[in-house]
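Asks: My questions will all concern the structure given below.
Residue numbers (our numbering): 13 to 58.
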């Protein structure tokens, strides 16, 4: 799982793509827990 970027959205500041201020990046595994504990399983077609 990708990192969750905790912060705030705001109007562009300095550039058209600068619309977020990240306050605290949280690793996806820490935010959602380990994949093994979700009960989900990935199955590829044969």
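Glycine is no exception: its CB is placed at the ideal position from the N, C-alpha and C atoms.
What you are looking at is a predicted structure, and each value in this text was computed from that prediction instead of being measured.
1. Quick one: what's got a C-beta closer than 6 Å to residue 32's C-beta in the same chain, skipping five residues either side?
2. Near residue 14, what residues of its chain come up, given a Cβ to Cβ distance below 8 Å and the 5 sequence neighbours on each side ignored?
3. Between which two residues does the beta strand (DSSP E) carrying residue 20 extend?
4. Locate the beta strand (DSSP E) running through residue 35, then write down its first and last residues.
5. What's the gap between the Cα of residue 37 and the Cα of residue 56?
Replies: On the basis of the supplied data:
1. 19 and 21
2. 40
3. 16–21
4. 32–38
5. 32 Å
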